[in-house]
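Down below is the structure, laid out as structure tokens.
Protein chains: 2
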Amino acid sequence: MEQGENLLQAAIAAGVRIYASCGGAGTCGTCKVVVEKGEVETTRTDKVSDEEFARGVRQACQSRVLSDLTVYIPVESRLEKAVLSREQKQVSEILATGWRFTPPLSKYYVELPPPSMADNASDLSRLLRGLKQSYHLSNLSIDFEVVRKLARALRDGKWKVTVTALVTAVKPRAGDRRRPRMINVEPGDTRDKYYSLAFDIGTTTICGQLLDLNRGRVLAESMAYNGQAVYGEDVITRIAYCQRPGGLKKLQQAAVSTINDVIEEMLTQARVDREHIGHMIVAGNTTMTQILLGLDPKYIRLTPYTPVANFFPPVGASSLGIKVGAHVYLFTFPAVASYVGGDIVSGIVGSGVHQRKTLTFFMDIGTNGEIVVGNSDWMATASCSAGPAFEGGGIKHGIVATEGAIEDCRIDPSSLEPDIGTIGGTRPKGICGSGLISIVAGLLEAGIIGQNGKFNPNLPTKRVREGSDGAEYVLAWASETQTGKDIVITEVDIDNLMRAKAAMYAGCQTLSVGVGIGCCDFEQVIIAGAFGSHIDIEKSITIGLLPDLPLERFVFIGNGSLLGARLTSFSTDLLDDARLVAQMMTNFELSENVDFMNNYVAALFLPHTHAGEFPNVSKRLARRKKALSGKGQ
Amino acid sequence: MEQGENLLQAAIAAGVRIYASCGGAGTCGTCKVVVEKGEVETTRTDKVSDEEFARGVRQACQSRVLSDLTVYIPVESRLEKAVLSREQKQVSEILATGWRFTPPLSKYYVELPPPSMADNASDLSRLLRGLKQSYHLSNLSIDFEVVRKLARALRDGKWKVTVTALVTAVKPRAGDRRRPRMINVEPGDTRDKYYSLAFDIGTTTICGQLLDLNRGRVLAESMAYNGQAVYGEDVITRIAYCQRPGGLKKLQQAAVSTINDVIEEMLTQARVDREHIGHMIVAGNTTMTQILLGLDPKYIRLTPYTPVANFFPPVGASSLGIKVGAHVYLFTFPAVASYVGGDIVSGIVGSGVHQRKTLTFFMDIGTNGEIVVGNSDWMATASCSAGPAFEGGGIKHGIVATEGAIEDCRIDPSSLEPDIGTIGGTRPKGICGSGLISIVAGLLEAGIIGQNGKFNPNLPTKRVREGSDGAEYVLAWASETQTGKDIVITEVDIDNLMRAKAAMYAGCQTLSVGVGIGCCDFEQVIIAGAFGSHIDIEKSITIGLLPDLPLERFVFIGNGSLLGARLTSFSTDLLDDARLVAQMMTNFELSENVDFMNNYVAALFLPHTHAGEFPNVSKRLARRKKALSGKGQ
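In order, the protein sequence lines correspond to chains A and B. Using numbering that gives the first Met the number 0, you'd call the opening residue of the first sequence number 0 and step up by one each time. Using numbering that gives the first Met the number 0, you'd call the opening residue of the second sequence number 0 and step up by one each time.
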């Protein structure tokens with residue numbers, strides 16, 4: 000480290016991954032480190048207590064290096080790559096139906112007659128003639144890179160070569176023909192080496208799959224934390240970071256570097272050569288997509304929230320720094336608006352919402368929180384600004400869904416003792432989004448908190464106590480945790496979750512009313528999100544996040560964005576659908592909508608101020624209350 | 000210079016331009032320099048006489064630097080930029096007719112409503128909507144570069160921008176629509192700044208024109224020696240040079256550097272900003288085109304002479320190192336075969352051969368020497384390998400058509416004294432191609448040489464003498480020249496010219512017979528070549544280079560390649576024609592054709608072994624002979 004350098008920046012530069020939810024503004028307190036040896040100069044904020052400060056705890060982002068240092072990074076400040084190997088079961092892998100297996104990428108093998116004085120057509124003419132004769136292909140456009148390697152490939156392959164052609168995402172208008180693009184030529188017959196990449200570029204994680212286009216299956220998958228996380232937890236912080244000199248470039252490189260790590264791992268897993276990857280489809284929210292493409296997301300954050308484009312032309316993946324052959328194009332999913340991105344379009348296409356008459360409510364639960372209402376005839380969408388609670392942000396002991404995160408919690412109504420489950424079954428380290436929902440539902444059902452989210456007074460348990468941030472419930476004692484500290488949930492945390500779920504539910508209500516239906520009219524509810532595979536539906540209904548409908552109407556699809564990216568890699572039909580879906584969606588801006596604000600305020604209750612919105616939950620809670628009070632007295 | 004370095008390479012690296020016709024193999028003797036101070040180590044060849052060697056004359060390519068040097072470069076070894084400002088009159092600027100003024104590049108100005116919460120479409124959607132409303136443009140494809148600069152351009156221009164769209168050269172098939180490509184967006188109204196570049200990339204010179212697409216006129220033109228000349232004079236030497244490590248790259252950069260010089264000068268002349276250039280069309284022979292695009296021309300030189308492609312996809316000009324905006328595409332003219340290139344196709348399109356029923360003979364006289372026979376219904380073409388004599392190569396005092404080159408010569412039949420004319424009217428420095436034709440015709444008509452090209456014995460003039468290379472005629476005495484040496488034409492030179500003209504004429508005969516017509520059937524003869532504007536038709540017929548037809552059937556078009564490049568910049572119709580013309584031409588390979596060899600041998604006479612081929616010349620020569628012999632005796 001250089002003297003005078005910012006400690007967070009120095010750590011990032013050295014490849015150490017520290018959380019910094021607020022992007023280094025000093026307001027979140029997640030980048031705390033312990034300076035064990037050496038000197039730093041720190042601007043102290045209220046995020047560091049006296050006790051902590053005395054122990055050497057500093058906010059990395061607020062510290063400048065004054066000498067050589069030994070720094071300890073507490074477990075809860077570390078970004079770890081642990082959750083990755085957990086199996087993500089997708090209940091219904093293929094919700095989209097009726098699509099033909101027609102990958103946008105095709106391989107054609109041709110055997111050509113060698114040139115002679117009687118037939119000395121150019122290499123390219125010879126190849127085109129062969130393709131026409133063998134496959135009736137005649138309207139190819141040709142990438143210059145193909146011309147560059149053609150003479151060598153033909154002679155190395157002894158006039159037997161394999162051509163890769165790509166169909167662009169834009170379906171031509173009636174009467175026009177599709178014009179495939181010749182993007183590669185390889186010596187010999189390489190038809191059996193025919194792979195593509197599907198990616199979900201999330202704000203928090205980047206998930207990839209390596210696909211075998213011959214067999215239509217997933218050969219490998221991997222996932223890593225988006226390297227941008229060290230520059231800020233949510234899109235708004237990252238957009239702000241892009242406004243610094245060189246900020247956009249840094250964020251772009253961070254994403255690209257993560258993508259490269261994921262590719263590397265998948266290639267190793269599947270023993271596939273990098274050069275045989277022929278295509279790449281990426282789905283991400285509008286901000287992630289723009290940053291990946293090197294497009295300043297500045298105006299996404301400013302009223303009236305305009306993205307640069309809803310669809311982006313394909314771009315050479317290697318020109319962005321992605322380590323694949325120069326012939327590989329990166330396709331991005333089209334977006335609807337600044338806060339309804341390609342990830343949502345991908346989820347809709349992947350889950351086939353646009354194919355059915357079924358009135359569907361689609362929700363992607365996350366920091367942003369996008370919802371879609373509609374069916375094959377129409378679709379309306381909105382973004383709800385739920386805040387980071389579902390991903391562990393803004394929660395005292397919140398962490399992303401990684402090993403050691405409490406993801407499940409039952410509370411005994413008699414003893415008021417918790418029974419917690421963690422990801423990986425290890426000792427607890429913090430609380431992730433699904434854990435938070437589970438805990439709050441449990442506290443509510445056990446009568447520890449009221450429907451207003453406040454702790455009930457005078458409960459017969461020492462787990463409820465007054466902490467530094469007000470009332471709190473101890474989920475795990477210091478001796479039971481990885482961190483060596485009590486893990487608690489505070490009234491402030493509960494309030495944050497209530498705001499998040501209120502935003503989602505209010506969005507759902509506002510959008511439904513806007514299109515003239517009620518929440519109970521939904522015939523199907525599709526839940527997406529990296530988070531989606533762990534969420535407990537019943538408890539989510541209990542706290543008022545999901546509408547009070549019969550459980551059988553709910554479907555989990557896990558990472559919908561990745562699902563759609565995979566399926567469109569297999570089917571040009573679905574790739575065409577993606578563009579149509581993006582165009583057919585009507586976006587409702589909720590941020591300045593009065594109804595949304597009213598609905599939001601009404602939803603700041605467990606499950607809701609209007610009991611009629613959650614009839615079953617209200618009945619159940621009333622029964623419990625009666626039982627508890629009967630027993631207690 | 001570094002010790003041990005090759006002297007020619009060191010000079011090139013230092014920016015000194017020395018001829019090296021053979022590309023540094025030591026066989027041509029054109030790179031002679033005089034070492035005045037310092038030491039070199041030289042491999043001596045028979046190109047340096049004892050007298051020269053004693054004076055310090057060395058072949059630069061055969062010398063290694065041993066110490067610091069002072070080197071004098073004789074005037075005849077220098078590549079100079081002198082001939083350039085000479086006016087090139089083109090008898091008929093526009094031979095192609097009936098084309099509409101429809102440049103492939105278009106500019107569209109739109110005024111857009113700024114975004115609001117009620118209308119927060121993406122920047123790109125807003126732009127496309129505007130283009131649709133104002134111009135009914137709806138099927139644009141969009142370059143990624145446009146997306147990259149869009150947000151800034153819209154806001155800098157206060158929602159008033161100018162879009163540049165390009166139509167690709169490929170005319171879609173019936174039923175398909177053309178799909179223009181949006182390549183640029185600029186703030187404000189820039190419709191009045193609307194320029195393109197037309198280039199002829201010749202083996203010897205590179206000629207450019209800066210075009211104003213609003214007014215359909217040439218704003219500036221310039222020309223420079225192709226920087227590749229220092230690596231070899233003809234395409235074969237350069238292809239050989241490409242096989243050295245880094246050779247292709249060096250040649251490519253040399254051409255690009257020359258192009259950049261020409262662009263620079265034209266921009267200065269016309270006071271045009273580089274950023275307002277929107278397009279670039281280049282015509283060149285197949286080897287020049289491939290080298291410019293960075294494509295190894297290796298197989299052009301090897302049987303069966305296959306180019307990489309007959310047409311090349313457009314490529315980003317700046318990606319090749321050409322100093323224009325990143326949005327500028329470089330279009331190259333399609334070629335017919337390895338030795339019938341885009342320059343010929345350009346000449347045919349520019350001169351409108353493909354538009355008329357007139358049976359036309361088109362010849363591009365140069366080192367390669369391409370010929371085309373045909374009309375709007377059919378076309379046949381061949382390349383004749385004339386050799387470098389027409390460009391001054393292989394001629395003892397031959398130089399390219401630069402200042403001081405003898406370009407014209409009359410010989411008094413009585414005194415046998417010459418009356419020479421030089422380019423620029425300066426003291427003579429050497430002989431260029433048109434001079435050579437003029438001199439040989441003069442020597443023949445004055446009876447100094449016979450129809451076999453040999454000097455007649457015992458002539459009453461001291462100008463005919465025995466030189467180091469055999470018999471020679473002194474055109475200028477040492478005291479009258481720039482070089483301080485006698486300028487002579489030798490029997491070997493005459494022989495070389497005869498071989499060159501025999502190849503052209505034999506090509507013409509062979510091709511004509513091949514398609515079932517005679518040389519006298521041509522209704523029009525179009526002569527192209529940088530050389531074409533100086534050639535004396537009558538004398539060319541006299542020596543048997545051009546067919547013996549009435550003079551009014553001949554038309555000069557000067558640089559046909561540049562003419563076609565310019566016209567296609569003005570008209571998409573003609574751009575479409577270029578592709579059709581390249582496809583309709585049937586190429587005859589003459590290099591292994593027995594008839595061609597027979598015709599060639601028969602043409603090694605002045606004007607021809609068969610007097611019947613040149614009835615008018617034969618009659619005139621017979622009359623002269625009689626007159627001379629009458630006078631002489």
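C-beta atoms are modelled at their ideal positions from N, C-alpha and C, and glycine is treated no differently.
Through-space distance from residue j to residue i, alpha-carbon basis
i	j	result
threonine 482 (chain B)	glycine 420 (chain B)	16 Å
serine 628 (chain A)	lysine 500 (chain A)	28 Å
glycine 28 (chain B)	isoleucine 410 (chain B)	29 Å
glycine 631 (chain A)	glycine 434 (chain A)	With a pLDDT of only 48 at glycine 631 (chain A), under 50, the local geometry of the prediction cannot be trusted, and no value is derived from it.
aspartate 221 (chain B)	isoleucine 534 (chain B)	This sequence places serine at residue 221 (chain B); aspartate is not what is there. Cα-Cα distance, rounded: 21 Å.
tyrosine 71 (chain A)	valine 32 (chain A)	6 Å
alanine 334 (chain A)	asparagine 138 (chain B)	19 Å
valine 473 (chain B)	glutamate 490 (chain B)	12 Å
methionine 583 (chain B)	tryptophan 377 (chain B)	7 Å
glycine 452 (chain B)	threonine 26 (chain B)	25 Å
tyrosine 599 (chain B)	threonine 204 (chain B)	28 Å
serine 133 (chain B)	glycine 156 (chain B)	18 Å
methionine 497 (chain A)	leucine 458 (chain A)	22 Å
aspartate 191 (chain B)	glutamate 522 (chain A)	59 Å
valine 271 (chain B)	alanine 381 (chain B)	40 Å
isoleucine 370 (chain B)	glycine 351 (chain B)	15 Å
isoleucine 398 (chain B)	valine 487 (chain B)	13 Å
Beta carbon proximity, residue i to chain A, threshold 8 Å
i	result
asparagine 119 (chain B)	yes
serine 115 (chain B)	yes
phenylalanine 143 (chain B)	yes
One or two residues paired with residue i in a DSSP bridge
i	result
glutamate 40 (chain A)	A:Arg63
glutamine 58 (chain B)	B:Lys31
proline 546 (chain B)	In DSSP, proline 546 (chain B) forms no bridge with anything.
threonine 380 (chain A)	A:Val371 and A:Asn586
lysine 159 (chain B)	B:Glu110
valine 47 (chain A)	The partner list for valine 47 (chain A) (beta bridge, DSSP) is empty, contrary to what the question assumes.
Below-8 Å beta-carbon distance, residue i vs any chain E residue
i	result
glutamate 591 (chain B)	Judged by its chain identifiers, the structure shown contains no chain E, and its protein chains are A and B.
Contacts that residue i makes with chain B (C-beta to C-beta distance below 8 Å)
i	result
alanine 95 (chain A)	Under the 8 Å cutoff, chain B gives no residues; its nearest Cβ is about 26 Å from alanine 95 (chain A).
Minimum Cβ-Cβ distance from residue i to chain B less than 8 Å
i	result
aspartate 122 (chain A)	yes
Contact list for residue i against chain A, beta-carbon separation under 7 Å
i	result
glutamate 110 (chain B)	Within 7 Å Cβ-Cβ: nothing; glutamate 110 (chain B) doesn't reach chain A, min ~17 Å.
Output needed in chain order: residues of the stretch 292 to 320 of chain A with a Cβ under 9 Å from some Cβ in chain B. For the stretch 292 to 320 of chain A, the residues whose beta carbon sits under 9 Å from a beta carbon of chain B are, in order, Leu292, Gly293, Leu294, Asp295, Lys297, Tyr298, Thr302, Pro303, Tyr304, Thr305, Pro306, Val307, Ala308, Asn309, Phe310, Phe311, Pro312, Pro313, Val314, Gly315 and Ser318.
Which residues, in chain order, does the stretch 147 to 160 of chain B contribute to contact with chain A at a C-beta distance below 7 Å? Of all residues in the stretch 147 to 160 of chain B, Arg147, Leu149 and Ala150 have a Cβ within less than 7 Å of some Cβ in chain A.
Select from the stretch 368 to 390 of chain A all residues with a C-beta closer than 7 Å to any C-beta belonging to chain B, and list them in chain order. Against chain B - using a Cβ distance shorter than 7 Å - the stretch 368 to 390 of chain A contributes no residues.
Residues, ordered as in the chain, of the stretch 558 to 588 of chain A that lie near chain B by beta-carbon distance below 7 Å: For the stretch 558 to 588 of chain A, residues whose beta-carbon sits nearer than 7 Å to a beta-carbon of chain B comprise Glu588.
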